[in-house]
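Residue numbers (numbering that gives the first Met the number 0), protein chains in the order written: chain L, 0 to 367; chain V, 0 to 209. These notes concern the structure reproduced below.
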Amino acid sequence: MKPEDIIVQRVFVREYYRQNASFFLLVIGLAGGFMRSQDHIALAEFFVSSPLLLLIPFALWMLYILKVITFNAEALQKNENKFLFEFALLPKKDQWRAALLTIFNQAAPATIYGIFLMAMAARHNFITSAGLIVLVLLLLMLLGAARLYYVLNHPDLERKVSSIKRFFDRTFSKPYPIFFIEWFLRHQPLMLIGSKVFSGALLLAVIYLYRADAYDYRLLAMGLVIAAAAQAPLLLELHRFENFHFNLMRQLPLTFLKRLLYTITTILLLTLIEIGLLITYFPAHLTIAVLLQSILFFVSNLIFQQGLLYVKDRTQEQLTSFIFMQAMLLIVLVLFKIPLLLFAAFHTLAGIVMWLRNYYRFEYINHD
Amino acid sequence: MLVIKNFSKSYADQLILALSEVRFTQGVYWIKGQNGSGKTTLFKALAGLHPCQGIIYFEGGPELHQQPVAYRKKVNYSEAEPQYPGFLTPKDLFKFIGKAKGASAIQQQSLADVFGIAAYYEKPCETHSSGMLKKVSLALAFLGTPELIILDEPLITLDEAARTILLQLMEERVAKEGVTFLVSSHQVLENALLPVKGIYTVENKTLIPE
Numbered sequence: 000m001k002p003e004d005i006i007v008q009r010v011f012v013r014e015y016y017r018q019n020a021s022f023f024l025l026v027i028g029l030a031g032g033f034m035r036s037q038d039h040i041a042l043a044e045f046f047v048s049s050p051l052l053l054l055i056p057f058a059l060w061m062l063y064i065l066k067v068i069t070f071n072a073e074a075l076q077k078n079e080n081k082f083l084f085e086f087a088l089l090p091k092k093d094q095w096r097a098a099l100l101t102i103f104n105q106a107a108p109a110t111i112y113g114i115f116l117m118a119m120a121a122r123h124n125f126i127t128s129a130g131l132i133v134l135v136l137l138l139l140m141l142l143g144a145a146r147l148y149y150v151l152n153h154p155d156l157e158r159k160v161s162s163i164k165r166f167f168d169r170t171f172s173k174p175y176p177i178f179f180i181e182w183f184l185r186h187q188p189l190m191l192i193g194s195k196v197f198s199g200a201l202l203l204a205v206i207y208l209y210r211a212d213a214y215d216y217r218l219l220a221m222g223l224v225i226a227a228a229a230q231a232p233l234l235l236e237l238h239r240f241e242n243f244h245f246n247l248m249r250q251l252p253l254t255f256l257k258r259l260l261y262t263i264t265t266i267l268l269l270t271l272i273e274i275g276l277l278i279t280y281f282p283a284h285l286t287i288a289v290l291l292q293s294i295l296f297f298v299s300n301l302i303f304q305q306g307l308l309y310v311k312d313r314t315q316e317q318l319t320s321f322i323f324m325q326a327m328l329l330i331v332l333v334l335f336k337i338p339l340l341l342f343a344a345f346h347t348l349a350g351i352v353m354w355l356r357n358y359y360r361f362e363y364i365n366h367d
Numbered sequence: 000m001l002v003i004k005n006f007s008k009s010y011a012d013q014l015i016l017a018l019s020e021v022r023f024t025q026g027v028y029w030i031k032g033q034n035g036s037g038k039t040t041l042f043k044a045l046a047g048l049h050p051c052q053g054i055i056y057f058e059g060g061p062e063l064h065q066q067p068v069a070y071r072k073k074v075n076y077s078e079a080e081p082q083y084p085g086f087l088t089p090k091d092l093f094k095f096i097g098k099a100k101g102a103s104a105i106q107q108q109s110l111a112d113v114f115g116i117a118a119y120y121e122k123p124c125e126t127h128s129s130g131m132l133k134k135v136s137l138a139l140a141f142l143g144t145p146e147l148i149i150l151d152e153p154l155i156t157l158d159e160a161a162r163t164i165l166l167q168l169m170e171e172r173v174a175k176e177g178v179t180f181l182v183s184s185h186q187v188l189e190n191a192l193l194p195v196k197g198i199y200t201v202e203n204k205t206l207i208p209e
């Protein structure tokens, strides 16, 4: 490998997979957890049976390549990577090779699935579908490589602000709870969508079970425990935002109540989907009181997690294992019919106490 | 007057800085020190951004650990290389921080005008140069009625005009409001432009007066 190829692999490819490890784990978890191998084969056969249906994986690959393009552009914005603009001085052939190699490696998950689809197409003699898969994958990789080549050759690209954003920036000033939501949507949109799809689908599946039998509130509570545990990466990002990306918050003369209100409002905004699903599809034979208790149980669990993050600096792995243990314990306790309100009261109180006692002593360590 | 007693700051049990007692009255103090000597760590601890040990208080006023909110109202801090979420505009920052610091809309507007931020006041920070962000950070450090303003490398990336404005503003705040400034700078602070009351060097994990 040439030196320039090694550098782009390290800066773009390795970093890409490192930063998106949780995203890929989530995808693997969803694909492996919910679908059996015969389901995967059936789905692939469904896709390749018609060029129109192939538009579904093509659209997903397009989104994936856009994610790669965005990642590469953001990586180039970092000061530490500014030296890469020297790339423009290399022979064009070497630049293209490095860009193509980068995108080829970053697009490997799409390519692997594409090969699987092609195998299915070949098995059923869908030659047009197989050809289209090859063509689309090549075109998308070429698009990604062309964009990388372009940005490497244009270090002075001006950041454009859309007229809609300009209008909103002129007319309003953002309230604090929106700061994190916008930051998260810009930096980790797939994590947000992934965790919301997961917890939303889980809650809907649990609620669906109530049609089959008259279960009591405990089944739903167990679903809520897992849905709350799935929010841990989001809460870790919120914690990171408040203590690292926007750490001037710590310097502001805000009362603890105000800080609490800001953060709880952000958490409520983040959980609108789950709360909305609970309200809309709540099992008919459970009472309104159970609905309210379920919402409090869910939100208080997140307040507890947020408080926990101030006790000690934790990496994602450390937090995940702790949350997993907590979820297992909660499921067992729920089975013992301990009232949800008791959990909600304990979680809220414990979360706030941990938060209050440790906020000013806590020091965030950047693990990147 | 800011009083610091029995101050210490450690990272993972490794002592970074220790001060037995230091007092800063109104005026400008130049804090010198080599790279990595602990200037920024000291500043961040005094600003309440990083936890530390010891007693830090304003004479007759709040103490950092006992009255964290009241203390933070009296201390403003500007980072050496400020960074803000790219989608926020200076307007968002001025409104939010201004409200927390108790700065009036007039003061916010006036500081934005003085530092020449008005032209990009409503444009997201991701479109700003490092010099523009530096001006935003410095203007934010003057919001409200602080008794202590900490400026970490305020002169870097600043153009000549903004530099003059900053020094004038500092002199004005010292004379009219009795503000204490702690300023770190690798550039020489010209006494003719800005009278420096005291010079300290961060060395051997402590603060040594010159």
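Every residue, glycine too, gets a C-beta built ideally from N, C-alpha and C. The model shown is predicted, which means the values in this text are computed figures rather than measured ones.
- In the DSSP secondary-structure assignment, S183(V) is bridged to I30(V), D151(V).
- For the region 175 to 187 of chain V, the set of positions with a beta-carbon nearer than 7 Å to some beta-carbon of chain L is empty.
- For the pair A145(L) and L89(L), the Cα-to-Cα distance works out to about 16 Å.
- Along the length of the region 83 to 156 of chain V, whole beta strand (DSSP E) runs at least 3 residues long occupy 147 to 151, reported in chain order.
- In this structure, V21(V) and P89(V) do not form a Cβ contact; the two beta carbons are roughly 34 Å apart against a cut-off of 8 Å.
- The beta-carbon separation of A74(L) and N80(L), rounded to 6 Å, stays under the 8 Å limit for a contact.
- S299(L) has its alpha-carbon roughly 8 Å from the corresponding atom of A344(L).
- Using a CB distance cut-off of 8 Å, Y149(L) does not count as an interface residue toward chain V.
- With respect to the 8 Å criterion, A87(L) and L151(L) are classified as neighbours on the basis of their beta carbons.
- The criterion of a C-beta distance shorter than 8 Å is not satisfied by G350(L) and F296(L).
- Taking a beta-carbon distance threshold of 8 Å, V26(L) does not count as an interface residue toward chain V.
- Around C124(V), the same chain offers Y83, G85, L87 as residues with beta carbons nearer than 6 Å, after the five sequence neighbours per side are excluded.
- For R185(L), a Cβ of chain V is located within less than 8 Å of the residue's own Cβ.
- Per DSSP, G130(L) is one residue of the alpha helix (DSSP H) stretching across 126 to 152.
- By the C-beta criterion, the region 269 to 276 of chain L is judged not to be in contact with the region 309 to 323 of chain L, since fewer than 3 inter-stretch pairs fall below 8 Å.
- In the three-state reduction of the DSSP assignment, Q25(V) falls in the coil class, being assigned neither a helical nor a strand state.
- Residue contact check for L87(V) against chain L: a CB pair falls below 8 Å.
- Per the Cβ contact rule, the region 251 to 262 of chain L is not in contact with the region 204 to 216 of chain L (fewer than 3 Cβ pairs under 8 Å).
- Annotation for S21(L): M190, P232, Q315 place their beta carbon closer than 8 Å to its own, counting only its chain and skipping 5 residues before and after.
- Inter-segment contact for the region 42 to 49 of chain L and the region 113 to 126 of chain L is present: three or more beta-carbon pairs are separated by less than 8 Å.
- Among the residues of chain L, those whose CB is under 8 Å from the CB of E121(V) are R165, D168, R169, following chain order.
- For K336(L), the three-state secondary structure derived from DSSP is coil.
- Segment contact: the region 164 to 183 of chain V against the region 128 to 148 of chain V, three or more CB-CB distances shorter than 8 Å; contact assigned.
- Where K164(L) is concerned, the enclosing alpha helix (DSSP H) starts and stops at 162 to 170.
- Annotation: P194(V) to N78(L) spans about 36 Å, alpha carbon to alpha carbon.
- A contact between stretches requires three or more CB pairs, one per stretch, nearer than 8 Å, and the region 259 to 269 of chain L meets this requirement with the region 233 to 248 of chain L.
- Using a CB distance cut-off of 8 Å, T126(V) counts as an interface residue toward chain L.
- The straight-line gap separating the alpha-carbon atoms of I155(V) and S293(L) is approximately 54 Å.
- Contact between M221(L) and I330(L) holds, with the beta-carbon distance rounding to 5 Å and staying under 8 Å.
- The region 331 to 339 of chain L and the region 13 to 30 of chain V do not touch, with fewer than 3 CB-CB distances between them shorter than 8 Å.
- Within the region 33 to 47 of chain V, A46, G47 place their CB atoms closer than 8 Å to a CB of chain L, listed in sequence order.
- Under the 8 Å criterion on CB atoms, P252(L) is classed as interfacial with respect to chain V.
- About 25 Å separates the CB atoms of V27(V) and M131(V); that is not less than 8 Å, and the two are not in contact.
- In this structure, F114(V) lies away from Y76(V), with their beta-carbon atoms at least 8 Å apart.
- Between A117(V) and A111(V), the alpha-carbon positions lie close to 6 Å from each other.
- The C-beta of I3(V) comes no closer than 8 Å to any C-beta of chain L.
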